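The listed protein sequences correspond, in order, to chains A and B. Taking full-length UniProt numbering, the leading residue of the first sequence gets 1, the next gets one more, and so forth. Taking full-length UniProt numbering, the leading residue of the second sequence gets 1, the next gets one more, and so forth. For glycine and all other residues, C-beta sits at the position ideal for the given N, C-alpha and C. What you are looking at is a predicted structure, and each value in this text was computed from that prediction instead of being measured.
Protein chains: 2
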Amino acid sequence: MAAFTSNKTHHFLTRKLTTPTRRPLKSTRVRMSLQESGPSLAVVGVSGAVGQEFLSVISDRDFPYRSIKMLASKRSAGKPLTFQGRTYTIEELTEDSFDGVDIALFSAGGSISKTFGPVAVGKGAIVVDNSSAFRMEEAVPLVIPEVNPEAIRGFKVGMGKGALIANPNCSTIICLMAATPLHRRAKVTRMVVSTYQAASGAGAAAMEELELQTREVLEGKPPTCNIFNQQYAFNLFSHNAPVLSNGYNEEEIKLVKETRKIWNDMNVRVTATCIRVPVMRAHAESVNLQFEKPLDEETARDILKNAPGVVVIDDRASNHFPTPLEVSNKDDVAVGRIRRDLSQNGDHGLDIFVCGDQIRKGAALNAIQIAEMLL
Amino acid sequence: MAAFTSNKTHHFLTRKLTTPTRRPLKSTRVRMSLQESGPSLAVVGVSGAVGQEFLSVISDRDFPYRSIKMLASKRSAGKPLTFQGRTYTIEELTEDSFDGVDIALFSAGGSISKTFGPVAVGKGAIVVDNSSAFRMEEAVPLVIPEVNPEAIRGFKVGMGKGALIANPNCSTIICLMAATPLHRRAKVTRMVVSTYQAASGAGAAAMEELELQTREVLEGKPPTCNIFNQQYAFNLFSHNAPVLSNGYNEEEIKLVKETRKIWNDMNVRVTATCIRVPVMRAHAESVNLQFEKPLDEETARDILKNAPGVVVIDDRASNHFPTPLEVSNKDDVAVGRIRRDLSQNGDHGLDIFVCGDQIRKGAALNAIQIAEMLL
């Protein structure tokens, strides 16, 4: 895997890094004991960018498990994978993969989830699915632990049956981490979102293509376009998701529909324009909010400072605001540019700018946080 | 000057290029005659990115002139500059530079404009100023020729006195090229803009820094941060303009105030979030529009297809929409992602995505178009 996708200290990733939000490290003894008594895990899509990050987050948060299956496609099957001092062999995902599995973390694309998610549930596993396959199904909870933990109240390992839980889309998670605390106070009635989305959202291969293309363009060569159908280096373009008949692309519609489901508010009005920018692994979003109740800027800033999983970076004097680089490999979503929207009356509107690590809080971390709630 | 800032065929700039909108070439004979009878020009800041583009546009559009002074700071003075087959010597800008000058094209920053703009006007020149120095002065017209040509009706070379005309900010020009035709039909009441701004807006040195930083980061070296105070390669950040006490930065306030002045509508409500992205020379903008009168998507598309200086790129089936690369070195502003805003009632809202060459229509071309109106 290229430098970009590793967790090694690197200028892409580490400038101005602050300490990640992590649970305090448990002692080895407690950890061993937790691991002995923890659930049996399966990671589906373990060789992908999010799959790798599942392992990093499990390690960083000392997530307990008594066993872990590393599952991937035939292509990766048989390869060794060292994790927490033990070497595993990546196994091919089959219908038999889920025997005895308590929690299955899926991130191998929608069609794999559609095929194997129900299989895992049938075997009694609780599936935390990172794809969009089941998100809008009414019976499937769509969960950001800081936002709507109530959606999986009662879901527990050992509850005697399998279940599907969906991880929201990365853009939705990052947006709602900042918007929800404000929504709770003043009720968001309308939200206009423009995204600045990283390569990582299209997987490790897209990150590698951005790096390759950039080298090629700097050398005056034509850029290799395998993942995307156009030059990405030093360029940006409308999100590559299919465009629907109403002109929105699927990424934008996810923001619209998932927000309504997560907030359990079918009246909230959302529009979004989703754009890919030549950034590696963290998304940014410009979010314009309209509120039912007045909410002044200072109160909003205080609310956000106290919101779990949110860090406020809003230093006007030194022009220091959230950037994708600064949140890369971080757990917290950063919010800044908090200001009263001059185009709305009184204190009924705010503009904010949000950045979050797409692979981490936008995918793997959120899924592991869901898994933690199942224990 | 680095490859990025040249007009040479280059993968940064030329992918999917279509023919630029140019006036038909006049015959040599007509051209000579026009040049003999044309105005005396001065280009202030000729060694900068916009200054160089002034010359390209003069050449491309066969702008007539009987003489041209190449003016810059002491640093560039004395250097030779070949233009249209003639070699000029760059002269140092002084109080005596404007004797006999009819039209002075300024792009050397606000403080140079403040000092030397009035000097040139005192000498009888019409100054077309690309800086923000005079834009909001009531007596100074702020002009996009396709949008508000009436603002300089009666301004002519040979009218017997000097005058100041301001070129709007690049983000404003690019946004209003697309928004104005819709505004004329349905009256825009509110506009929410998020920008994706290229390096070129901060000058040729910023473009070079982005290129240098990108090479450094790819080599695992720390990035050189001279122009900006942080890593720009594979990153993005809130626009580097100073932030005001209301939390908006100056770039954003330009969009708010200049729109009102250009549209001569003090009631239009605008908010903007301005972001720098690692792109070389064309800006993109996500624009959410609210209208007083209904305007359906098809009518909007037709209006934009017929708007001067605008090209519609809106192919949903093949996911082909405007990109900075595709508009680089182009005259036209491209607009796409034209769709009814789902978050507004009926046909009173649209989302659009606009791209325009920041150096060309965002600066030099617009100024030369203004100069053409003076003949």
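For residue 261 of chain B and residue 142 of chain B, believed in contact at Cβ under 8 angstroms, the rounded distance: 5 angstroms
8 angstroms CB neighbourhood of residue 24 of chain B in its chain, flanking five on each side removed: Residue confidence for residue 24 of chain B is low, a pLDDT of 38 falling below 50, so the modelled location carries little weight; the figure read from the coordinates is stated next. Nothing meets the Cβ criterion.
Simplified DSSP state of residue 82 of chain B, which is helix, strand or coil: strand
Residue ranges of each beta strand (DSSP E) within the UniProt domain "Semialdehyde dehydrogenase NAD-binding" (40 to 155) of chain A, 3 or longer: Runs of the beta strand (DSSP E) inside the UniProt domain "Semialdehyde dehydrogenase NAD-binding" (40 to 155) of chain A: 40 to 44, 67 to 72, 80 to 83, 86 to 89, 103 to 106 and 126 to 129.
Nearest-angstrom Cα separation, counted from residue 61 of chain A out to residue 179 of chain B: 49 angstroms
Start and end residues, beta strand (DSSP E) containing residue 286 of chain A: 282 to 291
Expected contact under 8 angstroms - CB spacing of residue 347 of chain B and residue 296 of chain B to nearest Å: 5 angstroms
Beta-carbon proximity of residue 104 of chain B to residue 120 of chain B, cut-off 8 angstroms: yes
N-terminal and C-terminal residue of the alpha helix (DSSP H) that residue 206 of chain B is part of: 204 to 218
The segment 252 to 268 of chain A touching the segment 298 to 318 of chain A, judged by at least three CB pairs closer than 8 angstroms: Counting Cβ pairs under 8 angstroms, fewer than three are found: no touch.
Proximity test, Cβ basis, 8 angstroms: residue 237 of chain A and chain B: yes
is_contact[residue 12 of chain B, chain A] using C-beta, thresh 8 angstroms: Any reading at residue 12 of chain B must be qualified, since the residue scores a pLDDT of 42, below 50, and its modelled position is unreliable; the value itself is stated next. Yes, because at least one Cβ of chain A sits closer than 8 angstroms to the Cβ of residue 12 of chain B.
Chain A within 8 angstroms of residue 463 of chain B, Cβ atoms only: Past the edges of chain B, shown from 1 to 375, lies residue 463 of chain B, and the structure says nothing about it.
Inter-residue CB distance, residue 189 of chain A and residue 268 of chain A (contact presumed, cutoff 8 angstroms): 7 angstroms
Below-8 angstroms beta-carbon distance, residue 88 of chain B vs any chain A residue: So, not an interface residue.
Between the CA atoms of residue 208 of chain A and residue 219 of chain B - distance to the nearest angstrom: 15 angstroms
Nearest neighbour of residue 335 of chain B, chosen from B:58, B:176, B:130 and B:199 [CA to CA]: The residue from B:58, B:176, B:130 and B:199 with its alpha-carbon nearest to that of residue 335 of chain B is B:176.
Contact belief for residue 101 of chain A with residue 117 of chain A at Cβ below 8 angstroms, rounded distance in angstroms: The Cβ separation is near 12 angstroms, so there is no contact.
Proximity to residue 48 of chain A [Cα-Cα], best of A:37, A:58 and A:106: A:106
Boundaries of the beta strand (DSSP E) in which residue 256 of chain A is found, first to last residue: Unbroken run through residue 256 of chain A is the alpha helix (DSSP H), 250 to 263; no beta strand (DSSP E).
Residues, ordered as in the chain, of the segment 184 to 199 of chain B that lie near chain A by beta-carbon distance below 7 angstroms: The residues in question are 190, 192, 194 and 196.
Element boundaries [alpha helix (DSSP H), containing residue 301 of chain A]: 297 to 305
For residue 176 of chain A, the three-state DSSP class (helix, strand or coil): helix
Backbone secondary structure at residue 320 of chain A - three-state DSSP: strand
Chain B contact residues for residue 297 of chain A, given Cβ-Cβ distances below 8 angstroms: 247
Chain A contacts from the segment 347 to 361 of chain B (Cβ-Cβ distance under 7 angstroms): 351 and 353
Buried/exposed call for residue 186 of chain B, threshold 16 Cβ in 10 Å: The residue is buried, with at least 16 neighbouring Cβ atoms inside 10 Å.
Limits of the alpha helix (DSSP H) - the one that residue 368 of chain B falls within: Element bounds for residue 368 of chain B: 365 to 373.
For residue 131 of chain A, the nearest candidate out of A:125, A:169 and A:98 (CA to CA): A:169
For residue 225 of chain B: DSSP bridge partner residues: Per DSSP, none; premise fails for residue 225 of chain B.
DSSP three-state assignment for residue 357 of chain B, whether helix, strand or coil: strand
Endpoints, beta strand (DSSP E) assigned at residue 197 of chain B: 188 to 197
Delimiting residues of the beta strand (DSSP E) encompassing residue 336 of chain B: In the DSSP annotation of this structure, the continuous segment of the beta strand (DSSP E) that includes residue 336 of chain B starts and ends at 333 to 340.
CB contact below 8 angstroms: residue 332 of chain A versus chain B: no
Member of B:124, B:351, B:291 and B:67 whose CA lies at the smallest distance from the CA of residue 184 of chain B: B:291
Where residue 232 of chain A sits in the DSSP three-state scheme: coil
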